[in-house]
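**Q** Sharing a structure with you now.
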Amino acid sequence: MTDTIHHTLKTVFGFHQFRSPQQEVIERVVAGEDVFLVMPTGGGKSLCYQIPALHRDGIAIVVSPLIALMKDQVDALLANGVRAACFNSSLSPDEARRVSRQMVSNELDLLYVAPERLMQPDFLERLATLKLALFAIDEAHCISQWGHDFRPDYTQLGKVRPLFPGVPMVAMTATADPETRKDIIRQLGIEQARVYVAGFDRPNITYTVMPKQKPFAQLGAFLSNRRDEAGIVYALSRKRVDQVAERLRAAGFAAAAYHAGLPDAERRRVQDAFRRDDLRIVVATVAFGMGIDKPNIRYVVHYDMPKSVESYYQETGRAGRDGLPSEALMLFGMGDVMTARKLVENSDNAERVRIELQKLNAMVAYAEALTCRRRALLAYFGDQREQDCDNCDICNDPPQRFDASELARKALSCVYRVGERFGARHVIDVLRGAKGQRIMDLRHNELSTYGIGAELSSVEWDNVFRQLIHLGYLVQDFTRFGALGLSPAARPVLKGEVQVTLGLPRDVAKVEEKTRRKSGAGEGAHRALFEELRSVRKQIADAASVPPFVVFSDATLVEMAKSRPSDEQELLSVTGVGEHKLRKYGAQFLAAINEYRLRTVPGGDIGSLSLTLSDTQRDTFNLYQQGLSLQELALRRGLKDLTIVSHLEELLAAGLDIDLRRFVEADKIPLIEARLEKMGAVGLTPLKDGLPESISYTDIRLVRGAWGKGKAM
Ligand code: ADP
Ligand code: ZN
Numbered sequence: 012m013t014d015t016i017h018h019t020l021k022t023v024f025g026f027h028q029f030r031s032p033q034q035e036v037i038e039r040v041v042a043g044e045d046v047f048l049v050m051p052t053g054g055g056k057s058l059c060y061q062i063p064a065l066h067r068d069g070i071a072i073v074v075s076p077l078i079a080l081m082k083d084q085v086d087a088l089l090a091n092g093v094r095a096a097c098f099n100s101s102l103s104p105d106e107a108r109r110v111s112r113q114m115v116s117n118e119l120d121l122l123y124v125a126p127e128r129l130m131q132p133d134f135l136e137r138l139a140t141l142k143l144a145l146f147a148i149d150e151a152h153c154i155s156q157w158g159h160d161f162r163p164d165y166t167q168l169g170k171v172r173p174l175f176p177g178v179p180m181v182a183m184t185a186t187a188d189p190e191t192r193k194d195i196i197r198q199l200g201i202e203q204a205r206v207y208v209a210g211f212d213r214p215n216i217t218y219t220v221m222p223k224q225k226p227f228a229q230l231g232a233f234l235s236n237r238r239d240e241a242g243i244v245y246a247l248s249r250k251r252v253d254q255v256a257e258r259l260r261a262a263g264f265a266a267a268a269y270h271a272g273l274p275d276a277e278r279r280r281v282q283d284a285f286r287r288d289d290l291r292i293v294v295a296t297v298a299f300g301m302g303i304d305k306p307n308i309r310y311v312v313h314y315d316m317p318k319s320v321e322s323y324y325q326e327t328g329r330a331g332r333d334g335l336p337s338e339a340l341m342l343f344g345m346g347d348v349m350t351a352r353k354l355v356e357n358s359d360n361a362e363r364v365r366i367e368l369q370k371l372n373a374m375v376a377y378a379e380a381l382t383c384r385r386r387a388l389l390a391y392f393g394d395q396r397e398q399d400c401d402n403c404d405i406c407n408d409p410p411q412r413f414d415a416s417e418l419a420r421k422a423l424s425c426v427y428r429v430g431e432r433f434g435a436r437h438v439i440d441v442l443r444g445a446k447g448q449r450i451m452d453l454r455h456n457e458l459s460t461y462g463i464g465a466e467l468s469s470v471e472w473d474n475v476f477r478q479l480i481h482l483g484y485l486v487q488d489f490t491r492f493g494a495l496g497l498s499p500a501a502r503p504v505l506k507g508e509v510q511v512t513l514g515l516p517r518d519v520a521k522v523e524e525k526t527r528r529k530s531g532a533g534e535g536a537h538r539a540l541f542e543e544l545r546s547v548r549k550q551i552a553d554a555a556s557v558p559p560f561v562v563f564s565d566a567t568l569v570e571m572a573k574s575r576p577s578d579e580q581e582l583l584s585v586t587g588v589g590e591h592k593l594r595k596y597g598a599q600f601l602a603a604i605n606e607y608r609l610r611t612v613p614g615g616d617i618g619s620l621s622l623t624l625s626d627t628q629r630d631t632f633n634l635y636q637q638g639l640s641l642q643e644l645a646l647r648r649g650l651k652d653l654t655i656v657s658h659l660e661e662l663l664a665a666g667l668d669i670d671l672r673r674f675v676e677a678d679k680i681p682l683i684e685a686r687l688e689k690m691g692a693v694g695l696t697p698l699k700d701g702l703p704e705s706i707s708y709t710d711i712r713l714v715r716g717a718w719g720k721g722k723a724m
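Just so we're aligned, residue 12 is where the sequence shown starts under my numbering, counting upward by one.
Below you can see the structure in the form of structure tokens.
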């Protein structure tokens with residue numbers, strides 16, 4: 012059976028390997044068992060029911076909360092040649108009749124339905140007459156009031172299990188919270204389900220938190236490096252969303268606003284344009300997101316602080332579903348904390364307020380942390396890591412520490428002098444000797460601490476106060492508008508008995524520069540071809556009225572741009588190219604790649620390198636470009652294999668675009684490279700010693716050629 016599900020993975024979806032725990036989940040569901048699957052966004056939940064749907068008799072019923080999302084899933088399946096449809100209120104009567112007919116005549120492998128539709132008595136009756144492969148409940152946390160996205164329609168789903176006792180159920184969620192998980196299992200009545208919790212890490216996302224100083228300028232600087240990429244900017248209020256979108260447009264960015272206050276038609280337009288890659292930036296409240304399945308979102312910016320770590324993780328998780336490098340940037344200012352507190356405290360439900368305040372505190376602690384972001388996030392979800400991630404702002408640019416004992420004493424004593432009744436803003440004004448009316452009225456200009464902190468700017472003081480709060484020297488009373496008070500830990504500091512070490516505020520521009528990774532599609536030559544393939548994809552997608560990612564993901568295009576397949580067989584080895592898509596789109600992509608190759612290589616690169624190349628080497632290269640194997644090259648040229656190898660080695664060293672993997676097995680390459688790193692480009696024999704037997708001299712020579720590129724010259 013494993014063999015056949017692998018076969019389906021490869022031929023239908025074009026993937027080469029299962030991700031953990033896909034294979035085990037799929038095997039269980041195919042065998043008729045229930046499964047509860049917790050996996051982060053982008054982890055690959057869909058395959059866990061789609062493959063079983065193809066391996067079990069009958070039709071798989073997939074419950075999904077959003078119509079727009081269903082349509083994308085169905086389009087994506089159809090593009091892979093899988094028989095799928097959706098049944099919801101967006102269908103015309105004709106379409107609905109057609110789907111009904113397909114259902115009964117066994118022409119569908121998967122049917123997507125909204126929960127309210129599924130639970131209609133006549134629909135349930137109809138299902139009872141059919142052979143059902145399985146039920147898949149997507150976004151299963153919507154059933155729980157504990158979850159962050161409760162949907163009353165979902166509670167009805169509890170009836171499915173007793174009505175269809177023999178049909179396996181897969182419930183899926185990305186929710187990390189254990190309470191919610193228990194509740195989902197109980198409500199769905201699948202207590203016996205095997206639970207799989209995949210790791211929560213999203214290694215391709217770079218997390219960055221920047222102190223909010225001039226937020227719009229900070230945002231602009233971030234976006235101007237990413238004009239061609241798609242992203243979401245989240246802001247807290249509708250008003251702010253409108254303002255930011257407007258200012259971005261004025262600054263020449265392709266941005267649109269999205270929030271619940273806009274007319275339906277406008278929201279649909281924005282969502283559609285974004286899905287179709289016609290619109291780059293969406294500025295939105297959190298109303299935007301659930302319906303967005305777009306895999307190539309390259310960044311998520313939080314212009315304002317989110318209200319909990321869960322929401323933050325969920326929202327940032329919308330970036331990089333395709334697995335390519337992506338970014339999460341949050342701007343964080345003390346003002347946000349106050350605003351968020353006020354919103355929470357507006358509620359009369361004391362218990363609710365208590366919980367939400369705790370969640371908010373955790374969010375603030377995360378934003379202020381001077382330790383690896385990923386470790387902090389994963390620790391929050393109960394996944395303690397020992398290692399820093401090397402892919403967050405703190406890891407990329409650790410804050411410098413300095414002895415802040417003197418500053419801390421000034422700050423703490425000023426808090427004391429103003430009677431522990433004022434917030435950070437006012438205390439900072441006193442420290443800096445500000446001359447505002449309020450200070451005069453309160454006669455705070457007569458305090459001994461007035462003006463003793465003029466050496467720091469307000470922003471610098473802000474940073475000091477924030478850390479003093481975070482480290483527990485100061486406490487902030489949120490029932491009194493954030494008034495600062497001294498904690499017991501403050502006393503020894505005031506007495507000069509302990510030292511206080513704080514992090515220096517980080518230079519925002521520098522953080523940005525250090526954190527900036529290569530964009531998802533990589534750089535240089537690959538990037539140019541990637542852009543061309545992207546426009547081929549866009550044309551195909553527009554003609555078929557589907558979003559581009561339904562045709563191929565960005566990850567697939569990047570791989571194509573790098574490996575430059577020259578025939579169908581090679582194209583098929585690219586992740587994401589299954590047999591159906593090969594037939595449908597293969598020719599167009601191969602043509603584009605070939606045309607690009609002809610345009611860029613012979614006249615251009617090889618010409619400029621021709622001084623160092625002999626005619627015979629050039630002949631080998633030309634034949635290589637026709638896709639010949641090593642043996643075929645030798646045969647055609649009438650030369651020994653070894654001679655061809657030496658040509659290839661020299662061509663590689665000269666920097667010509669030769670795909671090593673056509674000649675050396677992919678898993679051998681890193682081993683040989685590691686050996687080269689260690690030994691340098693020495694003779695073959697010392698290199699071969701210490702490498703596995705299976706690695707031949709030919710393998711080593713070719714990898715050495717590629718490795719030596721640029722180093723030898
Ligand atoms: P989720 O529903 O968990 O958010 P999806 O099922 O949409 O995630 O999968 C996210 C992305 O990962 C999709 O682009 C999907 O095609 C891709 N993917 C899933 N499984 C694999 C796999 N085994 N190999 C390669 N890509 C995969
Ligand atoms: Zn880190």
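Glycine included, each C-beta is placed from N, C-alpha and C at the ideal position.
The model shown is predicted, which means the values in this text are computed figures rather than measured ones.
Between Asp394 and ligand 2, is there a pair consisting of the residue's CB and a ligand heavy atom that are separated by less than 7 angstroms?
**A** Taking the first residue of the sequence shown as position 1, residue 394 is located at position 383. Checking the Cβ of Asp394 against ligand 2 gives no.
**Q** Collect the residues with a C-beta less than 7 angstroms away from any heavy atom of ligand 2 and give them in sequence order along the chain.
**A** Cys383, Arg384, Arg385, Arg386, Asp399, Cys400, Asp401, Asn402, Cys403, Ile405 and Cys406
**Q** If you reduce the DSSP assignment to three classes, tell me which class Phe26 lands in.
**A** Here residue 26 refers to the residue found at position 15 when the sequence shown is read from its first residue. Here Phe26 sits in coil by DSSP.
**Q** Could you tell me whether any non-hydrogen atom of ligand 1 is closer than 7 angstroms to the CB of Lys56?
**A** Here residue 56 is taken as the residue at index 45 of the sequence shown, counted from 1. Yes - ligand 1 has a heavy atom lying nearer than 7 angstroms to the Cβ of Lys56.
**Q** Nearest to Pro222 by alpha carbon, out of Tyr377, Glu397 and Leu646?
**A** The residue labelled residue 222 in the question sits at position 211 within the sequence shown. Minimum Cα distance to Pro222 is reached at Tyr377.
**Q** Pull up the distance between the alpha-carbon of His313 and that of Leu653, whole angstroms please.
**A** As a working note, residue 313 is residue 302 in the sequence shown. As a working note, residue 653 is residue 642 in the sequence shown. Rounded to whole angstroms, His313 to Leu653 spans 57 angstroms at the Cα level.
**Q** Any heavy atom of ligand 1 closer than 7 angstroms to the Cβ of Asp86?
**A** Locating residue 86 in the sequence shown gives position 75, counting from the first residue. A distance criterion of 7 angstroms places the beta-carbon of Asp86 beyond contact range of ligand 1, judged by its closest non-hydrogen atom.
**Q** Tell me the DSSP secondary structure of Phe227 in three-state form.
**A** The count along the sequence shown starts at 1 and reaches residue 227 at position 216. Reduced to three states, the DSSP call for Phe227 is helix.
**Q** Between Leu423 and the rest of its own chain, which residues show a CB-CB distance below 8 angstroms, the 5 nearest in sequence each way excluded?
**A** On the sequence shown, residue 423 is found 412 positions in, with the first residue counted as 1. Here the set comprises Leu479, Tyr484, Leu485, Leu497, Ala501, Val504 and Leu505.
**Q** Could you have a look at Leu601 and say whether DSSP puts it in helix, strand or coil?
**A** Position 590 of the sequence shown, counting from 1, holds the residue named residue 601. Correct three-state label for Leu601: helix.
**Q** Under the criterion of a Cβ to heavy atom distance below 7 angstroms, does Pro306 qualify as lining ligand 1?
**A** Along the sequence shown, one-based indexing puts residue 306 at 295. Flag set: Cβ of Pro306 near ligand 1.
**Q** How many Å lie between Leu725 and Phe299 at the Cα?
**A** Because the chain in this structure spans residues 12 to 724, residue 725 falls outside the shown range and cannot be described.
**Q** In chain order, what residues of the same chain have a beta carbon less than 6 angstroms from the beta carbon of Ile16, not counting five sequence neighbours either side?
**A** Working through the sequence shown from its first residue, we reach residue 16 at position 5. The residues are Ile37 and Ile62.
**Q** I'd like to know whether the C-beta atoms of Asp120 and Leu65 end up nearer to each other than 8 angstroms.
**A** The residue labelled residue 120 in the question sits at position 109 within the sequence shown. The residue labelled residue 65 in the question sits at position 54 within the sequence shown. Yes, these two residues count as a Cβ contact at 8 angstroms.
**Q** Using a 10 Å radius around the Cβ and a threshold of 16 neighbouring Cβ atoms, would you call Ile617 buried or exposed?
**A** On the sequence shown, residue 617 is found 606 positions in, with the first residue counted as 1. At Ile617, the pLDDT of 45 sits below 50, so the modelled position is not reliable and the matter cannot be decided from this model.
**Q** List the residues that DSSP assigns as beta-bridge partners of Ile726.
**A** Outside the shown range of the chain (12 to 724) lies residue 726, about which nothing can therefore be said.
**Q** If you reduce the DSSP assignment to three classes, tell me which class Gln550 lands in.
**A** Within the sequence shown, residue 550 is the residue found at index 539, counting from 1. Helix, per DSSP.
**Q** Which term fits Gly678, buried or exposed, when burial requires 16 or more other beta carbons within 10 angstroms of its beta carbon?
**A** Working through the sequence shown from its first residue, we reach residue 678 at position 667. According to the sequence displayed, residue 678 carries Asp and not Gly. Exposed, by the Cβ-count rule.
**Q** Could you give the distance in angstroms between the alpha-carbon of Pro499 and the alpha-carbon of Ala209?
**A** Numbered from 1 along the sequence shown, position 488 holds the residue referred to as residue 499. Numbered from 1 along the sequence shown, position 198 holds the residue referred to as residue 209. Near 42 angstroms, if we compare the C-alpha coordinates of Ala209 and Pro499.
**Q** May I ask you to report which of helix, strand or coil DSSP gives Glu570?
**A** Within the sequence shown, residue 570 is the residue found at index 559, counting from 1. Looking at Glu570 - three-state DSSP - the assignment turns out to be helix.
**Q** Determine which residues share a DSSP beta bridge with Arg608 and list them.
**A** Walking along the sequence shown from the start, residue 608 turns up at place 597. In DSSP, Arg608 forms no bridge with anything.
**Q** What does DSSP give as the partner residue(s) for Met341 in the beta ladder?
**A** Taking the first residue of the sequence shown as position 1, residue 341 is located at position 330. Per DSSP, Val220 and His313.
**Q** Quick check: the Cα distance between Leu135 and Met180, rounded to an integer number of angstroms?
**A** Residue numbering aside, residue 135 sits at position 124 when the sequence shown is read from its first letter. Residue numbering aside, residue 180 sits at position 169 when the sequence shown is read from its first letter. Their backbone Cα atoms lie some 16 angstroms apart in a straight line.
**Q** Quick one: give me the first and last residue of the alpha helix (DSSP H) that Val171 is part of.
**A** Within the sequence shown, residue 171 is the residue found at index 160, counting from 1. Unbroken alpha helix (DSSP H) run through Val171: Val171 to Leu174.
**Q** Examine ligand 1 and report whether any of its heavy atoms sits within less than 7 angstroms of the Cβ of Ser564.
**A** Position 553 of the sequence shown, counted from the first residue, corresponds to residue 564. Within the cutoff, so yes.
**Q** Does DSSP put Tyr596 in a helix, in a strand, or in coil?
**A** Within the sequence shown, numbered from 1, the residue matching residue 596 stands at position 585. Helix, per DSSP.
**Q** Using the C-alpha atoms, what's the distance from Ala71 back to Leu662?
**A** For the purposes of this step, residue 662 is taken as the residue at position 651 of the sequence shown. For the purposes of this step, residue 71 is taken as the residue at position 60 of the sequence shown. Ala71 has its alpha-carbon roughly 53 angstroms from the corresponding atom of Leu662.
**Q** Helix, strand or coil for Ala266? Go by DSSP, reduced to three states.
**A** Along the sequence shown, read from residue 1 onward, the residue named residue 266 stands at position 255. Here Ala266 sits in strand by DSSP.
**Q** Which runs of the alpha helix (DSSP H) at least 4 residues long sit entirely within the segment 115-183? Give them in chain order.
**A** 126-129, 132-139, 163-166 and 171-174
**Q** Ignore the nearest five residues each way along the sequence and tell me which others in Leu544's own chain have a CB closer than 7 angstroms to its CB.
**A** As a first step, residue 544 is located in the sequence shown; it is residue number 533 there, counting from the start. Closer than 7 angstroms at Cβ, skipping near neighbours: Leu568, Met571, Ala572, Phe600 and Ala603.
**Q** Does ligand 1 have even one heavy atom less than 7 angstroms from the beta-carbon of Met571?
**A** Your numbering for residue 571 matches position 560 in the sequence shown. No; taking the cut-off as 7 angstroms, the Cβ of Met571 has no heavy atom of ligand 1 nearer than that.
**Q** So Arg755 packs on Gly331, CB below 8 angstroms; how close in whole Å?
**A** Here the chain has residues from 12 to 724 only, and residue 755 is not among them.
**Q** Using the C-alpha atoms, what's the distance from His437 back to Ser416?
**A** Here the question's residue 416 lines up with position 405 in the sequence shown. Here the question's residue 437 lines up with position 426 in the sequence shown. Taking the straight line from one Cα to the other gives about 21 angstroms.
**Q** Is Thr15 near ligand 1, in the sense that its beta carbon is under 7 angstroms from a heavy atom of that ligand?
**A** On the sequence shown, position 4 is the one that residue 15 refers to. For ligand 1, not one heavy atom lies less than 7 angstroms from the Cβ of Thr15.
**Q** Taking three-plus beta-carbon pairs below 8 angstroms as touching, is the segment 431-445 in contact with the segment 242-255?
**A** no
**Q** Is Asn474 buried or exposed, if buried means 16 or more other CB atoms sit within 10 Å of its CB?
**A** What you label residue 474 is simply residue 463 of the sequence shown in a count that begins at 1. By the 10 Å Cβ count, Asn474 comes out buried.
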